[in-house]
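Here the sequence shown is numbered in our numbering, starting from 364 and rising by one per residue.
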Amino acid sequence: MDADPVTGADALVLSACVQMPSLPLIAAADNARWPARLQRLSPGRLTALLPPNVPVWLDGGHNPNAGEAIAASLDPVIPASRRSLVVVMGMLVNKDPAGFLAPFAERIDHLIGVPVSGHEHHAPAALAGLAMLLAHALFKAPLFMVVGIIDHEAG
C-alpha cells in the first residue's frame, strides 16, 4: 500500500501519539525534501553524457497518483519551447505501469524500458510498447469520437 505525504495535520496527530511538541513535527512535515520527487539532477557523470542544457529529472513514482502528480508538474519544469519528453523507466511486476503512464502518456516522445536489477520487473520492451500504445490510443480516441459523431449526424 502506498503512503500519502505527511502533512501538518498528520504531524499534530503524531505529536499526540508520541507526546512530542507539535511545532517541530509540523515544521518537519512542511519543510521535508523528498528526493526523487521531480528532482532535477545536478551536473555529474550521468548528465555529462547528454548534450549541453538537457535537463534530467528524477522521479520515483510507481502508481497512478504519482503519474497524475508528474503530469500536473510537467508544464512548470518543461517549457513550451522544449516539449520533447524521453522517459527512462523500470517498474516492478506488482506495479501498474499503464496506470502510472496514462496521465502523461501523450507527452512522451520516447520511452526506454530498463530492468530493475535484483527484482521481478516488467519487461523493458513491454514498458516501451505500452507507452506507445497509450499515446496512440489517447491520440486516436478523440479522432474516432469525432468521426463517429459526424457519421451519426450525417445519418
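C-beta atoms are modelled at their ideal positions from N, C-alpha and C, and glycine is treated no differently.
Local Cβ density within 10 Å of Ser405, reported as buried at 16 or more and exposed below that: Taking every protein chain shown into account, the CB of Ser405 has fewer than 16 other CB atoms within 10 angstroms, so this residue is exposed.
Bridge partners - Met495, DSSP secondary structure assignment: Note: Met495 sits in no beta bridge, so no partner.
Test item: CB-CB of His473 and Met454 under 8 angstroms: In this structure, Met454 does not lie closer than 8 angstroms to His473 by Cβ.
Close beta carbons around Trp420, own chain, < 8 angstroms, minus the five adjacent residues each side: Only Leu401, Gln402, Arg403, Leu404, Val440 meet the Cβ criterion.
Short Cβ contact (8 angstroms threshold) for Ala429 with Phe467: Not in contact: Ala429 and Phe467 (Cβ atoms no closer than 8 angstroms).
Classification of Pro460 by the beta-carbon crowding that lies within 10 angstroms, buried from 16 upward: Pro460 counts as buried, since at least 16 other C-beta atoms from the protein chains shown sit within 10 angstroms of its C-beta.
Distance, Pro418 Cα to Arg470 Cα: Spanning the two alpha carbons is a distance of roughly 16 angstroms.
Other residues of its chain near Ile475: CB distance less than 6 angstroms, five sequence neighbours each side excluded: The residues Val451, in chain order, have a CB closer than 6 angstroms to that of Ile475 in the same chain once the five nearest residues on each side in sequence are set aside.
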